[in-house]
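If you read the protein sequences in the order shown, they are chains A and B. So the first sequence is residues 1 to 166, counted in the numbering used here. So the second sequence is residues 1001 to 1420, counted in the numbering used here. A quick write-up on the structure given underneath.
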Amino acid sequence: MIRGRAWKFGDHIDTDVIIPARYLNTSDPGELARHCMEDADPQFASKVRSGDVIVAGENFGCGSSREHAPIAIKAAGVACVVAKSFARIFYRNAFNTGLPIVECPEGVEAIQDGDEVEVDLERGVVRDITRGEEYPFVPIPPFMQELLSKGGLLEYVRERMSSSAG
Amino acid sequence: MAMTMAEKILADHAGFEEVAPGQIVNARVDIVLGNDVTAPIAIKAFRELGAEKVFDSERVVLVPDHFTPNKDIKSAQQCKVLREFAREQGLVHYFEVGQMGIEHALLPEQGIVVPGDLVVGADSHTCTYGALGAFATGVGSTDLAAAMILGELWFRVPESMLFIYYGHRGEYVTGKDYVLHTIGLIGVDGARYRAMEFTGEAITALPMDERFTMSNMAIEAGGKAGLIAPDQVTLEYVRPRAKRPWKVYESDPGASYVEALEIDVSRLIPVVALPHLPENVKPVAEVGEIPIDQVVIGSCTNGRITDLRQAAQVLKGRKVHPYVRLIIIPATQEIYRQAMEEGLFEIFVEAGAAVSTPTCGPCLGGHMGVLAEGERAVATTNRNFVGRMGHPKSEVYLSNPYVAAASAIAGRIVHPMEVL
Ligand code: SF4
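See below:
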C-alpha cells in the first residue's frame, strides 16, 4: 500500500520541469533525483519523503521522450503519481521503469497539497486520509501490477526469459 | 459490445473478446521496428539481458535510414551495430544502403506491414501504417528491446476520435492539406493519447499515398494511431505486396468515440504550417511575402511516387529560382526507380533540382540539406519545431508537394496557380 504526503502540481508539467535537460549528462538515478521537479519547486527534492505522492493536473510528463523523467521521480522517493491525465510516452516510460501512475481526475480535484493520501493499486482507489474521502480509478490490471512489482519492463523480460529457458 | 477498429485489433492481439478504453492489455505484436537512432540502445539492452534470439527473425525489422548513407563516423558506428545484429540474428528484413528507404514508406511498400497488424516501432511516425488499417504506434527504446525479445508488449487501449471528411476537393488540395487543416483545428495535443480514425467519402476518394501522409501526421496531433479502414484502394495496394495473410477490421456501427468532427474538403485550399508548430496552419494565400532559401520534397510524409508526380507537374519546363536550393528525395529505392522510369528525374534536373538517394537526411536536420542561421525552408515533411532542419534560428514551413515545388520556382511561398 502506498501512503504519504500529497505534493500538488498543476497542468502540463513537462519533462523539462521534472528533470531539466541541463542534468541529462548523467543517467545516475541518485544524481537525477537531486534535481527532480527543480524548476517547479526548487526545494522539492530535499523535502519529499519516501512514499510520498505527486498529485498533478492534465498532461503530466508532456514534452520529450526521456526516460530520465520517471527515473528521477522514482529515485526521489515518490511512490506514485496521481494525475488527471498523462502524456502518452511518459505513461509508457513510467510503467517500463517501474513507477506507478494512476489517472484519477476526481481525486486530483479534491486532494490539497499536504494532505495524507493512500493509493490502493489493486483495488483502484485513492484515499484522502486528511479529508476522509476516497476516489475510484480504473484499477491497474494484474499484468501492470506485476510489471511494477518487478521494478520495470526489463526485469519483467528477464524473468520471462529465464522461466522459458528453465 | 460495439467496438472501434482500434479496439478490435488490440482485443484480437491480446486474446480477448472485447476491450474498453483505459484497459491495459498485454498483446502480441506482428512487426517490431527500429532504426539507426533508436535500435542501438535497444540492442544494448538486449545484450545486457543476455537475450540470444529475437522472437522471430521475420518480424523484427531494422532500417538504417536517418543518417544513411553514413554521414559521419558516429553514424557509421551506429549503423554498424544494426548491421552486425541483423547478420547475427539472421533478420530477413534488414535494409542496407542500395535497397533501403525511409522506414515508414518502405514497410508498407514491401508488404511487411499488412491490414490488421499490431505494429510497434521505436520511431514516433510508426503511426503511418494506420493507413493500411493496422494499429501502429511509436514506443521507446526499452519497449523495443522487450518487444524484440518477447514478441509482445503492453498497451493501454486508447479512446477513439472520429474524423469524417466529405465533399470534393479542389485542385492542388491533397491529403497533406486535410491533415494539416485537422491539426490546425484540434491543436498539437488535440488527439493526445487517442486513436484517430479517418473516414468519409473524401478519404475513400484518396489514393493510398495520400492516406499514408494523413496517418503519418496523427502523432503531430498527439495521436497514438491514425487509422483508416481498408477498402478497395487499400486492398489493391496490399494484394501484390503482402508477405503474409491480412485481416480487415472495421469499426462497428454504434462504436463509441470521445469526439467526432466533420470536415468539408470542398472548402479547403492548400495550406502551410508556419514555424514552429504543425498547428500553425494558414491558407497559402494568406501568408504574405515570405522569401525562402531551400525547398525539400521528400520524407516519410511526402516522398512517395504520387508526391513526386505532383512536384513534377509543377516543375515541368520551369526553373528553380536562382536563390533557392531544391532537394528532392524519393523515399525508397523502388520509388526512385519508378520516378526514373517515368522521366521525373529529367524534369527535376532540368528545373535545377538536386535529386538524392533515399534518406531521412534534412527532415531531422541530419544531413543532405541542413539550414544555416536565419534561413527558411518549405518542406513536405511533418515537423517544423525549432531547429528541426538545422540552426535553431532557421525556419521550416510545412506544405504539400505542389506548394513546395511552386515555391521553389517563385523563390517565396506561393499557391501553385501563381506559377502555372
Ligand atoms: S523522414 Fe523525418 S519524420 Fe520520417 S522517419 Fe525520417 S526523420 Fe522521422
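Glycine is no exception: its CB is placed at the ideal position from the N, C-alpha and C atoms.
Check: Who are the near neighbours of alanine 1255(B) in its chain, counting only those whose CB is closer than 6 Å to its CB and skipping five residues on each side?
Finding: Answer for alanine 1255(B): Ala1002, Met1003 and Thr1004, listed in chain order.
Next item on the list: Return the residues of the stretch 76-98 of chain A that lie within a Cβ-Cβ distance of less than 9 Å from chain B, sorted by chain order.
Entry: If the cut-off is 9 Å between Cβ atoms, the stretch 76-98 of chain A has Ser85, Phe86, Ala87, Arg88, Ile89, Tyr91, Arg92, Asn93, Phe95, Asn96 and Thr97 near chain B.
Next item on the list: Classify histidine 1013(B) as buried or exposed, calling it buried when 16 or more other Cβ atoms lie within 10 Å of its own Cβ.
Entry: Counting of Cβ neighbours within 10 angstroms places histidine 1013(B) among the buried residues, the total reaching 16 or more.
Notebook entry, point to check: What do you reckon, are the CB atoms on leucine 1132(B) and valine 1113(B) nearer than 8 Å?
Noted result: It is a contact, given that the beta carbons lie within the stated cut-off.
Check: So who's on the other strand from glycine 1121(B), going by DSSP bridges?
Finding: According to DSSP, glycine 1121(B) bridges with Leu1033(B) and Gly1138(B).
Check: Do we get a CB-CB distance below 8 Å when we pair methionine 1(A) with the residues of chain B?
Finding: Methionine 1(A) does not count as touching chain B.
Note to self: In whole angstroms, give me the CA-to-CA distance for glycine 1190(B) and alanine 1221(B).
What the structure shows: A direct Cα-to-Cα measurement between glycine 1190(B) and alanine 1221(B) gives close to 6 Å.
Item checked: With 16 other Cβ atoms within 10 Å as the buried cut-off, status of glycine 1374(B) -> With fewer than 16 other Cβ atoms inside 10 Å of its own Cβ, glycine 1374(B) counts as exposed.
Notebook entry, point to check: Alpha carbon to alpha carbon, what distance is there between aspartate 115(A) and aspartate 1117(B)?
Noted result: Rounded to whole angstroms, aspartate 1117(B) to aspartate 115(A) spans 46 Å at the Cα level.
Next item on the list: Step through the CB atoms of chain A and report whether any lies within less than 8 Å of the CB of aspartate 1139(B).
Entry: In the sequence as displayed, the identity of residue 1139(B) is valine instead of aspartate. Yes, its Cβ sits closer than 8 Å to a Cβ of chain A.
Check: Within 8 Å (strictly less), CB to CB, does phenylalanine 60(A) reach chain B?
Finding: The beta carbon of phenylalanine 60(A) sits no closer than 8 Å to any beta carbon of chain B.
Notebook entry, point to check: On the three-pair Cβ rule with 8 Å, is the stretch 1331-1345 of chain B touching the stretch 1358-1365 of chain B?
Noted result: The stretch 1331-1345 of chain B, when compared against the stretch 1358-1365 of chain B, does touch it at the 8 Å Cβ threshold.
Check: Which residues of chain B have a Cβ atom closer than 9 Å to the Cβ of glutamate 67(A), listed in chain order?
Finding: Within chain B, the residues near glutamate 67(A) are Gly1140, Ser1141 and Thr1142.
Note to self: Please classify arginine 49(A) as buried or exposed, where buried requires at least 16 neighbouring CB atoms within 10 angstroms.
What the structure shows: Around the beta carbon of arginine 49(A), fewer than 16 other beta carbons sit within 10 angstroms, so the residue counts as exposed.
Next item on the list: Report the rounded CA-to-CA distance for glycine 1167(B) versus glycine 1223(B), giving the unit in angstroms.
Entry: Each residue's alpha carbon lies about 25 Å from the other.
Margin query: For alanine 1405(B) and isoleucine 1297(B), what's the separation of their Cα atoms in angstroms?
Written below: So the two alpha carbons sit approximately 8 Å from each other.
Notebook entry, point to check: Is there a Cβ from chain A that is less than 8 Å from the Cβ of arginine 1156(B)?
Noted result: It does: the Cβ of arginine 1156(B) has a partner Cβ on chain A nearer than 8 Å.
Next item on the list: Could you name the residues of chain B that proline 136(A) contacts, counting a contact when the two beta carbons are closer than 7 Å?
Entry: Correct list: empty, because the minimum Cβ distance to chain B is about 12 Å.
Check: Contact check, methionine 1100(B) vs threonine 1068(B) under 8 Å by CB: the rounded distance?
Finding: Indeed they touch by this definition, with Cβ atoms about 7 Å apart.
Note to self: Taking the straight line between their C-alpha atoms, what separation do you get for leucine 148(A) and asparagine 96(A)?
What the structure shows: Going by C-alpha positions, leucine 148(A) is about 8 Å away from asparagine 96(A).
Notebook entry, point to check: Any C-beta of chain A sitting closer than 8 Å to the C-beta of leucine 1091(B)?
Noted result: Judged by the 8 Å Cβ criterion, leucine 1091(B) is not in contact with chain A.
Item checked: Residues near glutamate 134(A) in its chain [Cβ-Cβ closer than 6 Å; skip 5 each side] -> If we look at glutamate 134(A) and ignore the five residues flanking it on each side, its Cβ neighbours are Val125 and Arg127.
Check: Less than 7 Å between the CB of glutamate 1220(B) and some heavy atom of the ligand SF4, yes or no?
Finding: Not one heavy atom of the ligand SF4 falls within 7 Å of the beta-carbon of glutamate 1220(B).
Notebook entry, point to check: Measuring CA to CA, which of Asn1035(B), Ile1024(B), Phe1055(B) and Leu1277(B) is closest to serine 1075(B)?
Noted result: Residue nearest to serine 1075(B) within the set Asn1035(B), Ile1024(B), Phe1055(B) and Leu1277(B) is Asn1035(B) (criterion: CA-CA distance).
Next item on the list: Determine the closest residue to lysine 1178(B) out of Pro1115(B), Lys1080(B) and Ala1273(B), with distance taken between C-alpha atoms.
Entry: It should be noted that the sequence gives tyrosine, not lysine, for residue 1178(B). When each option's Cα is compared against that of tyrosine 1178(B), the closest is Ala1273(B).
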